[in-house]
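Going line by line, the protein sequences match chains A and B. Quick note on our numbering: the first sequence kicks off at 1 and runs consecutively. Quick note on our numbering: the second sequence kicks off at 1001 and runs consecutively. Report on the structure given below.
Number of protein chains: 2
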Amino acid sequence: MEKLQLPTLEDVARQANVSTATVSRCLSRPDTVRSSTRERVMEVVSELGYTPNFGAQAMAARRTNTIGAVIPTMDNAIFAKGLQAFQEEISKQGANLLVASSSYKKGMEEKQIRSLIARGVDGLLLIGDDRDKEIYEYLEKRHIPYVLAWNYRDKAPHTYVGFNNFQASYDMAKLVIDYGHRRVAMIAGVTEGNDRAFDRLAGVRQALSDSNIPQESFLVVESEYSFDAAGNAFEKIANNEHRPTAIICGNDVLAVGAIIRAKSLGINIPEEISITGFDDIELSTVVEPGLTTVHVPHRRMGTSAANALFAALKEQKTRSRKFETQIIQRQSLTAPRK
Amino acid sequence: MEKLQLPTLEDVARQANVSTATVSRCLSRPDTVRSSTRERVMEVVSELGYTPNFGAQAMAARRTNTIGAVIPTMDNAIFAKGLQAFQEEISKQGANLLVASSSYKKGMEEKQIRSLIARGVDGLLLIGDDRDKEIYEYLEKRHIPYVLAWNYRDKAPHTYVGFNNFQASYDMAKLVIDYGHRRVAMIAGVTEGNDRAFDRLAGVRQALSDSNIPQESFLVVESEYSFDAAGNAFEKIANNEHRPTAIICGNDVLAVGAIIRAKSLGINIPEEISITGFDDIELSTVVEPGLTTVHVPHRRMGTSAANALFAALKEQKTRSRKFETQIIQRQSLTAPRK
DNA sequence: GGGCGCAATGTAAGGGCTTACATTTTGAAA
DNA sequence: TTTCAAAATGTAAGCCCTTACATTGCGCCC
């Protein structure tokens, strides 16, 4: 479509009878312009409906005041709360947020990262750490500060603002075992390219092994994060000849999907099968029975990630921050029937 | 932080021993460059880790291939599905999506719109139509095509891709009345600046009036879209001296919030009070009793909105599209007790 | 009244890319 | 081989800002 001529800085300058520099200053540092001049300029600005061209601005100023975030999905609530807090903090500091989603696809994530960087973001929020080395090298080469959230590791060359998925999952598995469960299954998220899902699975494995429960009796089904897929996974597990007494789910969406399917199959939760989740999103309070799950401090993590990024931007350095998770016991986990 | 020198088009051109024009062409229209040349250039591109500067690109080309969307919130699932479909369609057409959220605040929305436009979006997706005239004038003046989604009106100077909130809500209210309810209340969304919430309330009012149910006995409480706020609204209504037998809720989040609170107060749904929702997000299948609600074809609407926008971009014109909604009956609505 | 210092404003050089138009190269036909 | 249109490539103007530096204006002191 044909673009019409939009008013430019120069148009404003001409009409207000000042130089472009003065107009620019009126917009970015008003206090450096005499008020009489400023008023005249601002009047023309609104009269013409002038809006500065972001691209030109970015190019001339060599910064954008914009933070980028690439999250796996906006389609379920896992990241919503944390991202909301992240965004609020970014705004509070006078910057903007650009969000892109990758649909849990590595290739897509890389594309989004490049696109955000091309758009000049000053820093990046990424989820987890499972991505090609090249991406990190690229970020280093371009000196783009980044923070990895929703996971945490002690000894790694990145800045993490998150929690230990392995440990949290280990603790949950231990709890399940303490309740007396010996035949345990897991509906895990797809672990390929998803370090959180991977770590959560690994945590459960470790807990079983530490309790001398053989891996052979441990049934794992990976599933996409949808009710339906999780339901299918549940059905597969429930139909296994040695039906487990507890299913640990990689997140709340999976757990709720399992519970819904259980109901439609007439399987009682938790009497026949206990189910646990992970994330503690609102859903887990809505479903019945209430979901026993791992609470993650989403909002604090989001805020903290924003601050870590600003610190990196200002001081060229920043450090990781670890959050503790906590198991919230509701009704979906109980002791196995005798 | 000090910005280092990033490779530019010119760096690539020099090292590949061609002109900047050729490099540019390699990137944007590869078929216009001889393959031997192209390969040489692309090699240098990846060697240098070159990424075009988006701002410069936008400025020179005078378009960005980017669509913007301003939605009220990402914090609940109302817009998630539709937006996801919107985004998929945008991607399919080779464009990008920039999403901003306004927290249901008019001022914030205007800011976000301006910011997206400054960033050069070629078109905009907005939710509903309740905003200052100045914003529409501004969009016209800048020739930015826009589409209004999640609502639909016959006679208005905008392009709508949505459904008739008034009618859908009217139908739901009629159904409630047909079940025999005479004392009805509504937990409405905040209607200020939210035409969907407003229309849904108006629809219920009309239905009551058409059935000769006096408005005086109709209790309305506006509530934010959170479980807790909705719970408070529910409590207020339940404690009313003439407790209604049915509560029509402005959306599913409100309805679920009401149900949760009802449970904690020991009020049986639907035996003591029937409850209905609107939107048919996943939540309504999770809660117990299952929520009787208005189904909205989120995905089709999102896809259609994207196509309407592309049509507007290409042909300078586009037309509205109306979707039908449908009441999904689950268990939360039943006849009142005698 | 002259001089000084600071505040206000102006000048103009980029910043990295696209693309219209100009020029060169290529390869097929004569 | 020559010729010439088409294909490939090059040249350079322009897109719209910010900001370092230069200039002007102004109030005040001696």
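Just so it is clear, CB atoms sit at the ideal spot from N, CA and C, and this is done for glycine as well.
- Taking 8 Å as the threshold, the shortest C-beta distance from V1287 of chain B to chain A falls below it.
- Within a 10 Å sphere around the beta-carbon of T325 of chain A sit 16 or more other beta-carbons, which makes this residue buried.
- If the five residues before and after A1305 of chain B are omitted, its C-beta is found closer than 7 Å to the C-beta atoms of F1086, L1125, V1147, A1149 and V1161, all from its own chain and listed in chain order.
- Counting only runs of at least 3 residues, the segment 198-249 of chain A fully encloses the following beta strand (DSSP E) elements, listed from N- to C-terminal order: 219-223 and 246-249.
- Going by beta carbons, I1269 of chain B and V1176 of chain B fall outside the 8 Å limit.
- Burial is judged here by how many other beta carbons sit within 10 angstroms of a residue's own beta carbon; N76 of chain A has at least 16 and is buried.
- The beta-carbon of I1135 of chain B is placed no less than 8 Å from the nearest beta-carbon of chain A.
- In the DSSP annotation of this structure, the continuous segment of the alpha helix (DSSP H) that includes A1173 of chain B starts and ends at N1165 to D1178.
- Look at the segment 93-171 of chain A and you find these whole runs of beta strand (DSSP E), each 3 residues long or longer: 96-101, 123-127, 146-149 and 160-163.
- Taking a C-beta cut-off of 8 Å against chain A, the contacting residues of the segment 1255-1288 of chain B are V1256, I1260, E1282, L1283, T1285, V1286, V1287 and E1288, listed in chain order.
- Residue range V1184 to G1189 is occupied by the beta strand (DSSP E) that includes G1189 of chain B.
- Within the same chain, no Cβ atom closer than 6 Å to the Cβ of A21 of chain A is found once the five residues on either side in sequence are excluded.
- The alpha carbon of H181 of chain A has as its nearest neighbour, out of A:G257, A:V12, A:R14 and A:K338, the alpha carbon of A:K338.
- Spanning the alpha carbons of G1302 of chain B and R1014 of chain B requires a straight line of approximately 45 Å.
- A contact between stretches requires three or more CB pairs, one per stretch, nearer than 8 Å, and the segment 1153-1168 of chain B fails this requirement with the segment 1217-1237 of chain B.
- Only those residues of the segment 1110-1125 of chain B whose C-beta falls short of 7 Å from the nearest C-beta of chain A are listed: R1114, S1115, I1117, A1118, R1119 and G1120.
- Closest in C-alpha terms to T1066 of chain B, from the list B:A1188, B:L1309, B:R1319 and B:A1335, comes B:L1309.
- In the structure shown, D1252 of chain B falls within a helical segment according to DSSP collapsed to helix, strand and coil.
- Proximity to V44 of chain A across A:Y136, A:E241 and A:T8 peaks at A:T8, based on C-alpha coordinates.
- Residues of the segment 1075-1096 of chain B with a Cβ closer than 8 Å to any Cβ of chain A, in chain order: D1075, N1076, A1077, A1080, K1081, L1083, Q1084, Q1087 and N1096.
- Taking a contact to require three or more Cβ pairs closer than 8 Å, the segment 248-259 of chain A and the segment 274-281 of chain A qualify as touching.
- In the three-state reduction of the DSSP assignment, T1073 of chain B falls in the coil class, being assigned neither a helical nor a strand state.
- Residue range R1321 to F1323 is occupied by the beta strand (DSSP E) that includes F1323 of chain B.
- In the DSSP assignment, V294 of chain A falls within the unbroken beta strand (DSSP E) covering T293 to H295.
- A direct Cα-to-Cα measurement between D1199 of chain B and R1205 of chain B gives close to 10 Å.
- With respect to chain A, the C-beta atom of P1297 of chain B has no partner C-beta closer than 8 Å.
- Shown here, I67 of chain A sits in a strand according to DSSP, grouped into three states.
- Ranking B:V1041, B:R1321, B:L1333 and B:L1098 by CA distance to the CA of P1289 of chain B puts B:L1333 first.
- Straight across, the Cα-Cα distance linking T191 of chain A with T1064 of chain B is about 35 Å.
- Between the alpha carbons of L1098 of chain B and N1307 of chain B lies a gap of roughly 16 Å.
- DSSP links D1279 of chain B through a beta bridge to B:H1295.
- Between I1281 of chain B and the set A:P244, A:F227, A:G231 and A:L83, the nearest pair of CA atoms involves A:F227.
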